[in-house]
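K.L.:
Have a look at this one before I ask anything.
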Amino acid sequence: MTGKGRGEGMAVVLHALRPCIRSPPFEHRITCRRTLQRTGRRTLQRTGKLMAQVRAPGCFCTVPVLRTAEFLVRIHSHFLGITFLGIGLWAWNEKGVLSNISSITDLGGFDPVWLFLVVGGVMFILGFAGCIGALRENTFLLKFFSVFLGIIFFLELTAGVLAFVFKDWIKDQLYFFINNNIRAYRDDIDLQNLIDFTQEYWQCCGAFGADDWNLNIYFNCTDSNASRERCGVPFSCCTKDPAEDVINTQCGYDARQKPEVDQQIVIYTKGCVPQFEKWLQDNLTIVAGIFIGIALLQIFGICLAQNLVSDIEAVRASW
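Residue 52 in UniProt numbering sits at position 52 of the sequence shown, and the numbers go up by one each step.
Put into structure tokens, the structure is as follows:
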């Protein structure tokens with residue numbers, strides 16, 4: 001295309017955009033959108049420029065801007081969800097779960113892979129609905145995104161209120177959950193690593209004390225237990241010597257056969273439930289800030305999607 005042709009094409013677009021300059025604020029979006037679609041698209045495609053590059057004084061197209069913002073925000077969530085799902089499926093494949101689906105129910109305790117699958121699935125669904133809805137200006141997907149995110153926000157808020165009101169019940173459930181997983185400590189490597197990490201991080205042993213490991217068939221103190229780990233605890237319960245670089249995985253052997261005073265030298269004697277409570281009280285400001293930040297991001301996502309839906313419907317109503 002010659003310079004004269006490009007100049008004439010841009011003149012046509014600018015002439016068509018003149019009503020935007022004289023329109024009231026609400027009509028700026030409608031007129032700008034319609035004029036760009038009817039007169040500017042072919043000309044701008046010929047010159048190799050995007051439609052959003054054309055700007056006239058007082059004319060601002062909010063639909064493309066909101067659409068781009070929603071897309072950029074949700075594309076990260078979408079790919080992060082895919083990553084989490086990939087990690088979860090890879091872990092299940094390594095453990096042979098995918099080749100034998102019925103083995104999902106064989107584990108007596110909690111399988112940490114579920115965390116990756118559930119979180120990844122939710123993020124994937126939200127990211128897909130937000131990205132495709134914004135990219136294609138699909139109001140159904142955008143409304144689905146808003147409702148789904150609103151339900152998650154409501155459930156989080158409800159869980160927070162219930163946890164504050166029913167503290168003792170939550171503590172009992174946490175105690176039951178930990179002890180149930182202590183029984184299945186050797187059944188799943190991922191669960192074993194999760195328990196070891198928890199006990200090392202919070203410097204604890206068992207739910208309310210080291211004796212909770214009596215629930216595990218390998219660590220109980222019964223006479224019928226022929227295991228070398230009898231009356232012991234996992235190595236993650238052992239107190240750490242800063243001078244030692246190599247972890248002694250046998251440090252917990254026979255630890256609970258010693259008097260309680262001697263046990264405190266070798267292993268952690270405090271339970272993970274009270275240690276978690278103490279950690280939560282010491283870091284309450286940080287934890288509250290994280291939850292408030294997540295809530296604000298969710299509210300922002302809902303508002304952004306709803307504003308985009310309103311603008312799209314307003315533009316369509318004017319056609």
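All C-beta atoms in this analysis are idealised placements derived from N, C-alpha and C, irrespective of residue type, glycine included.
Bear in mind that the values here come from a model prediction, so they are computed numbers and not experimental data.
1) In chain order, what residues of the same chain have a beta carbon less than 7 Å from the beta carbon of residue 112, not counting five sequence neighbours either side?
2) Which residues in the same chain have their Cβ closer than 6 Å to the Cβ of residue 301, if we skip the five residues on either side of it in sequence?
3) Is it a yes or a no for the region 115-126 touching the region 83-91, going by three-plus beta-carbon pairs under 8 Å?
4) Could you check whether the region 283-294 touches the region 220-233, counting it as contact only if at least three pairs of C-beta atoms, one from each stretch, sit closer than 8 Å?
5) Going straight from the alpha carbon of residue 256 to that of residue 184, what length do you get?
6) How about residue 146 and residue 306: are their beta carbons less than 9 Å apart?
7) To the nearest whole angstrom, what separates the beta carbons of residue 309 and residue 139, a pair I think is in contact under 8 Å?
8) How close, in whole Å, do the beta carbons of residue 200 and residue 236 come, if the pair is a contact with beta carbons under 8 Å?
9) Using a threshold of 9 Å, state whether the C-beta atoms of residue 270 and residue 232 are closer than that.
10) Can you check which of these residues, 219, 186, 230 and 171, is closest to residue 207 by C-alpha distance?
11) What is the DSSP secondary structure of residue 238, counted as helix, strand or coil?
12) Return the first residue and the last residue of the alpha helix (DSSP H) that residue 201 is part of.
13) For residue 54, count neighbouring C-beta atoms within 10 Å of its own C-beta (all shown protein chains included) and say buried if the count is 16 or more, exposed if not.
14) Give the DSSP bridge partners of residue 267, in chain order.
P.N.:
On the basis of the coordinates in this document:
1) Residue numbering aside, residue 112 sits at position 112 when the sequence shown is read from its first letter. Cβ neighbours of residue 112 beyond the five flanking positions: 190, 191 and 194.
2) Here residue 301 refers to the residue found at position 301 of the sequence shown. Excluding sequence neighbours, residue 301 sits near 149.
3) yes
4) no
5) To locate residue 256, count along the sequence shown from 1; it is residue 256. To locate residue 184, count along the sequence shown from 1; it is residue 184. Taking the straight line joining both Cα atoms gives about 20 Å.
6) As a working mapping, residue 146 is identified with position 146 in the sequence shown. As a working mapping, residue 306 is identified with position 306 in the sequence shown. Yes, the pair counts as a contact, with Cβ atoms nearer than the cut-off.
7) As a first step, residue 309 must be located in the sequence shown, where it is residue number 309. As a first step, residue 139 must be located in the sequence shown, where it is residue number 139. The pair is a contact, with the Cβ atoms about 5 Å apart (cut-off 8 Å).
8) Against the sequence shown, residue 200 aligns to sequence position 200. Against the sequence shown, residue 236 aligns to sequence position 236. Sure, about 5 Å apart at Cβ, within 8 Å.
9) Counted from its first residue, the sequence shown places residue 270 at position 270. Counted from its first residue, the sequence shown places residue 232 at position 232. Going by C-beta atoms, residue 270 is not nearer than 9 Å to residue 232.
10) Within the sequence shown, numbered from 1, the residue matching residue 207 stands at position 207. Answer by Cα proximity: 171.
11) Residue numbering aside, residue 238 sits at position 238 when the sequence shown is read from its first letter. Three-state result, residue 238: strand.
12) Here residue 201 is taken as the residue at index 201 of the sequence shown, counted from 1. 189-201 is the span of the alpha helix (DSSP H), which, as asked, contains residue 201.
13) One-based indexing of the sequence shown puts residue 54 at position 54. Interpretation of residue 54 is limited by its pLDDT of 34, a score under 50 that renders its predicted location unreliable; the figure taken from the coordinates is listed afterwards. Buried.
14) Within the sequence shown, residue 267 is the residue found at index 267, counting from 1. DSSP lists 238 as partners of residue 267.
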